[in-house]
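Presented below is the structure to which this report refers.
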Amino acid sequence: MIWRWLICFSSFVLGANAAAVKGSVVLTGSRESRVHRGHDFSGVVVWLEPLGRIQNAADSPPGHPKTAEMLQKHKMFVPHLIAVPVGTAVAFPNSDPIFHNVFSSFSGQVFDIGLYPPGTSKSVVFRRPGVVRVFCNIHPAMSAVIVVTRSRYFAVTDSHGNFAIADVPAADYLLQVFHERASEETLGELQREVSVGETSVAIPELSISESGYLALPHKNKYGKDYPPEGYAGVTR
Ligand SMILES: [Cu+2]
């Protein structure tokens, strides 16, 4: 009995009973030309939430790096979207010759790391799973999304819409999807259970509609409209 347990444990630690989960995403009904003309299907997050007894082990694998980076460059966050597991410290280096700020007032995680000068960086640790929309209090056009997943088994689609989650331990999972320009209802319908064994799993193509999406202006960190440029000494 002890030997059987040891073999099972070793298999998990060494990743013997693990496989890749792959698939692709298609975006439809988009108003963005890079999507409907350029067929750029990047930026969709796909992740696997373990179901059942493997959950704790799969959520806390040894040696997993818990840092990530989102640059501030040319008055943009680069990349616009990242996905990280819970507990990750995300650094926001300021690569511009001007001051920037990073804040979020959305439910995923509320924070404000203040104004900081060119060539410096500040970090935030994301301790709760959820979708965190990130802004700069000076530049209203700056926005980004950080998807904090409960599980480490996630991927973000490339420009072709392809994703691949490597080394997923054999178990049953709930596949979940996030796309910035899709409704919660649309994303909810894409959820499905996935059983992972010793061979790769191919997920049937995921079609995500952007129809009905409207980008709304956000407020500054005080919950108010951004002052117009030039007003009260505001320069951007
Ligand atoms: Cu800024």
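In terms of my numbering, the sequence shown opens at residue 1 and continues consecutively. Beta carbons are placed, not taken as given, at the ideal position from N, Cα and C, and that holds for glycine. On a predicted model such as this, the values are computed, not experimentally measured, just so you know.
Hey, out of K122, G161 and H218, whose CA is closest to K22's CA?
As a working note, residue 22 is residue 22 in the sequence shown. Selected option, being the one with the closest Cα: G161.
Whole-angstrom distance between K75 and G197, CA atom to CA atom:
By one-based count along the sequence shown, residue 197 stands at place 197. By one-based count along the sequence shown, residue 75 stands at place 75. G197 and K75: Cα-Cα distance of roughly 45 Å.
Assign T157 to one of two classes, buried (16 or more other C-beta atoms within 10 Å of its C-beta) or exposed (fewer than that).
Taking the first residue of the sequence shown as position 1, residue 157 is located at position 157. With 16 or more other Cβ atoms within 10 Å, it is buried.
Just the Cα atoms here: how many angstroms apart are A171 and P129?
Mapped onto the sequence shown, residue 171 falls at position 171. Mapped onto the sequence shown, residue 129 falls at position 129. Distance between the alpha carbons of A171 and P129: 21 Å.
How would you label R181, buried or exposed, when you count the other beta carbons within 10 angstroms and need 16 or more for buried?
Taking the first residue of the sequence shown as 1, we reach residue 181 at position 181. Residue burial annotation: R181 is buried, with at least 16 other C-beta atoms found within 10 angstroms of its C-beta.
Tell me the DSSP secondary structure of H36 in three-state form.
As a working note, residue 36 is residue 36 in the sequence shown. Reduced to three states, the DSSP call for H36 is helix.
Given F163, which residues of its chain have a CB within under 8 Å of its CB, disregarding the five upstream and five downstream residues?
Taking the sequence shown and counting its residues from 1, the one referred to as residue 163 is at position 163. Cβ-Cβ distances below 8 Å link F163 to K22, G23, S24, V25, V44, V46, A155, V156 and T157 in the same chain, with the five nearest sequence neighbours on each side left out; the list follows chain order.
May I have the straight-line CA-CA distance separating D225 from E193, to the nearest angstrom?
Against the sequence shown, residue 225 aligns to sequence position 225. Against the sequence shown, residue 193 aligns to sequence position 193. For D225 and E193, the distance between alpha carbons rounds to 42 Å.
May I ask whether a heavy atom of ligand 1 can be found less than 8 Å away from the beta carbon of H100?
Numbered from its first residue, the sequence shown carries residue 100 at position 100. True, at least one ligand heavy atom lies under 8 Å from that Cβ.
Confirm the yes/no value for this check: CB of I203, any heavy atom of ligand 1, distance under 8 Å.
By 1-based counting over the sequence shown, the position of residue 203 is 203. Not one heavy atom of ligand 1 lies closer than 8 Å to the C-beta of I203.
Which residues mark the beginning and the end of the beta strand (DSSP E) in which L48 is found?
For the purposes of this step, residue 48 is taken as residue 48 along the sequence shown, with counting starting at 1. Going by DSSP, L48 is part of the beta strand (DSSP E) stretching over V45 to L51.
Proximity to V86 [Cα-Cα], best of S151, D112 and A141:
Here residue 86 refers to the residue found at position 86 of the sequence shown. Shortest Cα-Cα distance from V86 to any of S151, D112 and A141 involves S151.
In the DSSP assignment, find the beta strand (DSSP E) that holds G188 and state where it starts and stops.
Sequence index remark: in the sequence shown, residue 188 carries index 188 (1-based). From DSSP, G188 is part of no beta strand (DSSP E) but of the alpha helix (DSSP H) over E184 to E189.
Given a cut-off of 9 Å on the beta-carbon distance, is the pair L71 and Y153 in contact?
Translated into the one-based positions of the sequence shown, residue 71 becomes position 71. Translated into the one-based positions of the sequence shown, residue 153 becomes position 153. Going by C-beta atoms, L71 is not nearer than 9 Å to Y153.
Under a three-way DSSP split, which group does F111 fall into?
Position 111 of the sequence shown holds residue 111. Of the three classes helix, strand and coil, the one that applies to F111 here is strand, per DSSP.
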